[in-house]
Amino acid sequence: MNDMNNSDSTIDSQARRQMLLAGAAMAATISVPFTASAAAQASASSDINTAASSTRFVEVDGRKLAYRSVGTGKPIVLCHRFRGVLGLWDPAFIDALAAQGYQVITFDYSGIGLSTGERSYNPAAMVKDAKDLIHALGLKDVVIGGWSIGGIVAQIYLAMFGQEVSHVVLLATTPPGHLVKTAEQLFYDAAAVPGIGLENFTTIFFEPSDAGSRQASKQSFDRIMAQKTARSPDVPADWAISQIGTTPLNPVFPSDEVLNVLKTTKTPILHIGADHDIIFPIENWYALNAQLPTLNLITYPKSGHAPHHQYPEMAATQIAAFIKGTHKA
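So the sequence shown is residues -38 to -1, 1 to 291, counted in mature numbering (1 follows the signal peptide of the UniProt record, and there is no 0).
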């Protein structure tokens, strides 16, 4: 690699580190204006399953946040992955989770998909989106969850607003701090490809070397594509990759503050991961296992960055058992 590329990589790394470090500090300034009547109306609305779901909006702080709500019961708010929008969650997973007796809420971040406002992959802005939505819907005692970069958002949310959270559900994400195993370059190369195709979908989210995982990828891909008319507009690949850079980092999530919260929290935390996640290796969670008193770890075999899409019913069942079987001390 030539000197110019090395310089660009250093600049990218510094910018990304500054972005992530800023997240926890900036999130503390969040304010949430909304009307009580809007909150009551929004929280009462929920669809029975993904096929019947419609996109709704709440207006907060001069922007509209697009969201969907499936099922009834204790609320689970799921923060999306990198380049994720409404309609890119596997409906089999969402419906299975709702069938366990939960109100499952997904949403588009500001400026992404059908949400308005300024788009950003700055965790502070993403946490504000989750906070604004939860307050606008009048949700209480929520389960905060997140997949991939959404899992980083969920961890910062716990650190900032832990009193509002009963449980944390993390899906294929990274812990804060130094990593014992970094991402593969393959992820950054594949994540920069525009559009959504089965081959790239399998490469990023499943285990291409395993026939069973490839079959699960095709099934999940088909389920997602079947709801294409309900999908939000895609996130532009060139903009998205410019926000996270083009090469692996260590750490990805450099926040001693959040790590200290994970080490001292009394809130139950579940992480569902895969044995071959090319962006957020599960080994980084196992390295911290003895230090995180409320962490529960589940690892799925022969799977990738979307374990809950490869095993949607099992993931939903295990999440429900975790929520019902653990309590804040």
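We treat Cβ as the ideally placed atom computed from N, Cα and C, and that holds for glycine.
Under a Cβ-count criterion, where at least 16 other Cβ atoms within 10 Å of its own Cβ denotes burial, should residue 147 be classed as buried or exposed?
-> A residue is called buried once 16 or more other Cβ atoms fall within 10 Å of its Cβ, and residue 147, having fewer, is exposed.
Status (buried if at least 16 other CB within 10 Å, exposed otherwise) for residue 226 | Of the other Cβ atoms in all chains shown, fewer than 16 fall within 10 Å of the Cβ of residue 226; this residue is therefore exposed.
C-beta contact flag for residue 194 and residue 95 at 8 Å = No.
Identity of the residue in 138, 35 and 270 nearest residue 251 by Cα | Among 138, 35 and 270, the Cα nearest to that of residue 251 belongs to 138.
Got a sec, what are the start and stop residues for the alpha helix (DSSP H) residue 166 sits in?
-> Where residue 166 is concerned, the enclosing alpha helix (DSSP H) starts and stops at 160 to 167.
Residue 201: buried (16+ other C-beta within 10 angstroms of its C-beta) or exposed?
-> Residue 201 should be labelled exposed.
Span separating the alpha-carbon of residue 114 from that of residue 215 | Their backbone Cα atoms lie some 8 Å apart in a straight line.
Assign residue 10 to one of two classes, buried (16 or more other C-beta atoms within 10 Å of its C-beta) or exposed (fewer than that).
-> With fewer than 16 Cβ atoms within 10 Å of its Cβ, residue 10 is classed as exposed.
Rounded straight-line distance, which links the Cα of residue 134 to that of residue 235 | If you draw a straight line from the Cα of residue 235 to the Cα of residue 134, it comes to about 5 Å.
Pull up the DSSP beta-bridge partners for residue 109, would you.
-> Looking at the DSSP assignment, residue 109 forms a beta bridge with 133.
Which whole-angstrom value is the C-beta distance of residue 262 and residue 273, which I expect to be below 8 Å?
-> About 6 Å separates the beta carbon of residue 262 from that of residue 273, a gap short enough to meet the 8 Å contact definition.
First through last residue of the beta strand (DSSP E) which encompasses residue 261 = For residue 261, the enclosing beta strand (DSSP E) starts and ends at 257 to 262.
By how many angstroms is the C-alpha of residue 187 removed from the C-alpha of residue 37?
-> If you take the alpha carbons of residue 37 and residue 187, they lie about 26 Å apart.
Within the segment 189 to 242, note down every full alpha helix (DSSP H) run reaching 4 residues or more, in order along the chain.
-> Runs found: 199 to 206 and 218 to 226.
What is the C-beta distance between residue 68 and residue 25, in whole angstroms, given that I count them as a contact (C-beta under 8 Å)?
-> That pair is no contact at about 17 Å.
Cα-Cα separation, residue 289 to residue 112 = Spanning the two alpha carbons is a distance of roughly 23 Å.
Decide yes or no for the touch test of the segment 268 to 284 against the segment 53 to 66: beta carbon pairs closer than 8 Å, at least 3 of them.
-> Result yes; three or more Cβ-Cβ pairs closer than 8 Å.
Can you check whether the CB of residue 53 is closer than 8 Å to the CB of residue 189?
-> Residue 53 is positioned such that its CB atom lies closer than 8 Å to that of residue 189.
From 55, 211 and 223, pick the residue whose C-alpha is nearest to that of residue 254; which is it?
-> Out of 55, 211 and 223, 223 has the C-alpha closest to the C-alpha of residue 254.
How big is the Cα-Cα spacing for residue 143 and residue 210?
-> Approximately 10 Å, taken between the alpha carbons.
Could you have a look at residue 4 and say whether DSSP puts it in helix, strand or coil?
-> Below a pLDDT of 50, predicted positions are generally treated as unreliable, and residue 4, at 48, falls in that range; the measurement from the model is reported next regardless. Looking at residue 4 - three-state DSSP - the assignment turns out to be helix.
Under the DSSP definition of a beta bridge, which residues are partnered with residue 69?
-> Residue 69 is bridged to 29.
Contact check, residue 107 vs residue 39 under 8 Å by CB: the rounded distance?
-> With a contact defined as Cβ atoms closer than 8 Å, residue 107 and residue 39 qualify at about 7 Å.
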